[in-house]
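A.B. asks:
Residue numbers (my numbering): 153 to 307.
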């Protein structure tokens with residue numbers, strides 16, 4: 153039982169590590185998305201500034217392209233964030249399942265140990281009963297003034 157429990161504990165540790173890696177990736181993807189959104193805001197402010205200043209068609213066109221490019225990159229990053237979030241959820245579920253299995257095996261081990269203790273107590277009680285019975289029967293023969301073999305031959 154202990155070997156199985158050791159394996160389950162190792163699997164749980166591995167699942168915890170995988171979950172931590174997935175969580176770190178998710179947080180990293182979230183951070184990238186935040187940075188991209190901030191860049192897009194800067195590009196939009198630049199575009200507004202260009203539109204309010206003296207009109208330069210080339211600069212305005214480039215600024216619009218930059219904003220649209222950032223929107224596309226942000227959409228792509230949002231997919232990456234969603235993918236990382238889904239992977240995190242899968243790892244969380246796996247970790248939960250492994251923890252339940254380990255706890256189940258711990259309970260089984262405890263139950264098996266309790267059963268062993270009960271069996272041991274029953275065996276000890278039986279041995280004590282036999283010893284007490286033997287001692288009692290032996291004393292009984294001696295009180296009657298003879299040995300067990302004499303008592304048995306009289307019967």
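Even glycine gets a Cβ: it sits at the ideal position worked out from N, Cα and C.
Measuring CB to CB, does residue 219 end up less than 8 Å from residue 197?
C.D. replies: Taking the first residue of the chain shown as position 1, residue 219 is located at position 67. Taking the first residue of the chain shown as position 1, residue 197 is located at position 45. No. Outside cutoff.
A.B. asks: Between which two residues does the alpha helix (DSSP H) carrying residue 156 extend?
C.D. replies: Along the chain shown, read from residue 1 onward, the residue named residue 156 stands at position 4. Where residue 156 is concerned, the enclosing alpha helix (DSSP H) stretches over 154–204.
A.B. asks: If we count Cβ pairs, one from each stretch, closer than 8 Å, do we get three or more for the stretch 202–220 versus the stretch 250–267?
C.D. replies: no
A.B. asks: State yes or no: is the C-beta of residue 223 within less than 8 Å of the C-beta of residue 192?
C.D. replies: To locate residue 223, count along the chain shown from 1; it is residue 71. To locate residue 192, count along the chain shown from 1; it is residue 40. In contact: residue 223 and residue 192 (Cβ atoms closer than 8 Å).
A.B. asks: For residue 207, which of helix, strand or coil comes out of DSSP?
C.D. replies: By 1-based counting over the chain shown, the position of residue 207 is 55. Residue 207 falls in the coil class under three-state DSSP.
A.B. asks: Note down the Cα distance separating residue 162 from residue 248, rounded to an integer number of angstroms.
C.D. replies: Counting from 1 along the chain shown, the entry for residue 162 is found at position 10. Counting from 1 along the chain shown, the entry for residue 248 is found at position 96. Roughly 14 Å between the two C-alpha positions.
A.B. asks: So, is residue 272 buried or exposed, given that buried needs 16 or more other C-beta atoms within 10 angstroms?
C.D. replies: Counted from its first residue, the chain shown places residue 272 at position 120. With fewer than 16 Cβ atoms within 10 Å of its Cβ, residue 272 is classed as exposed.
A.B. asks: Identify every run of the beta strand (DSSP E) within the stretch 227–255, keeping only runs that are complete inside it and at least 3 residues long; order them along the chain.
C.D. replies: none
A.B. asks: Kindly list the residues whose CB is nearer than 6 Å to the CB of residue 274, restricted to its own chain and excluding five residues on each side of it in sequence; keep chain order.
C.D. replies: As a working note, residue 274 is residue 122 in the chain shown. Contacts found: none.
A.B. asks: Does the distance from the CB of residue 236 to the CB of residue 171 come in under 8 Å?
C.D. replies: In the chain shown, counting from the first residue as 1, residue 236 sits at position 84. In the chain shown, counting from the first residue as 1, residue 171 sits at position 19. Not closer than 8 Å, so no.
A.B. asks: Less than 8 Å between the beta carbons of residue 185 and residue 226, yes or no?
C.D. replies: In the chain shown, residue 185 corresponds to position 33, counting from 1. In the chain shown, residue 226 corresponds to position 74, counting from 1. The answer is yes: Cβ separation under 8 Å.
A.B. asks: On the CB-based measure, 16 or more other CB atoms within 10 Å of its CB, does residue 282 come out buried or exposed?
C.D. replies: Counting from one through the chain shown, the residue named residue 282 turns up at place 130. Looking at its Cβ environment, which holds fewer than 16 other Cβ atoms inside 10 Å, residue 282 is exposed.
A.B. asks: Leaving out five residues on either side along the sequence, give the residues of the same chain with a beta carbon under 7 Å from the beta carbon of residue 180.
C.D. replies: Sequence index remark: in the chain shown, residue 180 carries index 28 (1-based). Same-chain partners within the cutoff: there are none.
A.B. asks: Rounded to the nearest angstrom, how far is the Cβ of residue 202 from that of residue 208, given a contact under 8 Å?
C.D. replies: Sequence index remark: in the chain shown, residue 202 carries index 50 (1-based). Sequence index remark: in the chain shown, residue 208 carries index 56 (1-based). Yes, residue 202 and residue 208 are in contact; Cβ-Cβ is about 7 Å, under 8 Å.
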